[in-house]
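K.L.:
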Amino acid sequence: MCNHHKDKRFGSALEHGSAHTEDHRRWSRRAFIRSLGLAGGGAALVGGLPVRAFGASPLSLLLGQNFSDHILVIIRLAGGNDGLNTFVPLYDYDTYANLRPTLRIPESQLIQLDGDFGMPNFMQSLNPLWQEGRMKVVNTVGYPGQNLSHFRSTDIWDSASDADVLEDSGWLGRVITQQYPDLITNPPETPP
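Using numbering that gives the first Met the number 0, the first residue of the sequence shown is number 0, and each one after it goes up by one.
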């Protein structure tokens, strides 16, 4: 399921120098969200279905004209993110700071979200979403019977399968297929 062994696109890595910087300049928040929605929706729905190179499906036509306020954003970071430095445990900051003397984010550089967690001030653009109740964070998430392979663990997360089950489809695609078996040919009025 994972493709970590494939070559990266030129400009996608720090070692690509100015091409990497230029690659970041071309992305706006709107372009990112638009691409994420299209890619995520397409990946979730296409699995196992024939793909037509020309001609839009009834679902894509409906999605193109829909103005609903239904929004689901799933951001899956592939390596590198440090959850404890993304949402810092203020309720036990001293332990966090002692265990991470060189990695910790100083308390003075944290935006307090609630009594328990704070986020680094470089993420301040997300604070209004938090304050308005439009953003939630699910912390300390895991699965039973942890697999020590990063690659297999990624597959388990993507498929929502048990560690000893090899599932060939993603969890979101299966949920949508169960709820809307004829989604592609007979889509609902608004996206699920």
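Just so you know, even glycine gets a beta-carbon here, dropped at the ideal spot from N, CA and C.
#1: Can the beta-carbon of Gly-141 be found closer than 8 Å to that of Ala-162?
#2: Using a Cβ-Cβ cut-off of 8 Å (strictly less than) and excluding sequence neighbours within five positions of Pro-119, which residues of its own chain qualify?
#3: Determine the burial state of Ile-155: buried for a count of at least 16 other Cβ atoms within 10 Å of its Cβ, exposed for fewer.
#4: Do Trp-170 and Ser-152 count as a contact pair if the criterion is CB distance below 8 Å?
#5: For Asn-185, does the count of other Cβ atoms within 10 angstroms reach 16, so buried, or fall short, so exposed?
#6: Taking the alpha carbon of Ile-74 as the reference point, which residue from Val-137, Asn-126, Ser-160, Glu-166 has its own alpha carbon closest?
#7: Where does Phe-116 sit, in a helix, a strand or coil, going by DSSP?
#8: What are the partner residues of Val-87, as DSSP defines its beta bridges?
#9: Name the two residues that bound the continuous alpha helix (DSSP H) containing Gln-177.
#10: Using the Cβ count rule (16 or more neighbours within 10 Å means buried), how would you classify Gly-82?
#11: Determine the burial state of Gly-132: buried for a count of at least 16 other Cβ atoms within 10 Å of its Cβ, exposed for fewer.
#12: I'd like the list of long-range same chain contacts for Tyr-95, defined as Cβ closer than 7 Å, with 5 residues on each side in sequence excluded.
#13: Using the Cβ count rule (16 or more neighbours within 10 Å means buried), how would you classify Gly-117?
#14: With a Cβ-Cβ cutoff of 8 Å, do Asp-115 and Tyr-92 count as a contact?
P.N.:
For this structure:
#1: As a position in the sequence shown, residue 141 is number 142, starting the count at 1. As a position in the sequence shown, residue 162 is number 163, starting the count at 1. Going by C-beta atoms, Gly-141 is not nearer than 8 Å to Ala-162.
#2: Taking the first residue of the sequence shown as 1, we reach residue 119 at position 120. Within the same chain, Pro-119 has close Cβ partners Asn-84, Thr-85, Val-87, Ile-104, Gln-108, Leu-109, Ile-110.
#3: Sequence index remark: in the sequence shown, residue 155 carries index 156 (1-based). By the 10 Å Cβ count, Ile-155 comes out buried.
#4: One-based indexing of the sequence shown puts residue 152 at position 153. One-based indexing of the sequence shown puts residue 170 at position 171. No, Cβ-Cβ distance for Ser-152 and Trp-170 is not below 8 Å.
#5: The residue labelled residue 185 in the question sits at position 186 within the sequence shown. Exposed, since its Cβ has fewer than 16 Cβ neighbours within 10 Å.
#6: On the sequence shown, residue 74 is found 75 positions in, with the first residue counted as 1. Nearest of Val-137, Asn-126, Ser-160, Glu-166 to Ile-74, Cα basis: Val-137.
#7: As a first step, residue 116 is located in the sequence shown; it is residue number 117 there, counting from the start. Looking at Phe-116 - three-state DSSP - the assignment turns out to be strand.
#8: Numbered from its first residue, the sequence shown carries residue 87 at position 88. BP columns for Val-87 point to Gly-117.
#9: The sequence position of residue 177 within the sequence shown is 178, counting from 1. It spans 170-178 - the alpha helix (DSSP H) in which Gln-177 sits, taken as one unbroken run.
#10: Reading the sequence shown from its first residue, position 83 is the one you call residue 82. The residue is exposed, with fewer than 16 neighbouring Cβ atoms inside 10 Å.
#11: The sequence position of residue 132 within the sequence shown is 133, counting from 1. So Gly-132 ends up on the exposed side.
#12: Stepping through the sequence shown from its first residue, residue 95 is reached at position 96. Listed in chain order, the non-local C-beta contacts of Tyr-95 below 7 Å within the same chain comprise Leu-83, Val-87, Pro-88, Arg-103, local neighbours out to five positions each way being set aside.
#13: Residue numbering aside, residue 117 sits at position 118 when the sequence shown is read from its first letter. Result: buried.
#14: Looking up residue 115 in the sequence shown gives position 116. Looking up residue 92 in the sequence shown gives position 93. No, the Cβ-Cβ distance between Asp-115 and Tyr-92 is not below 8 Å.
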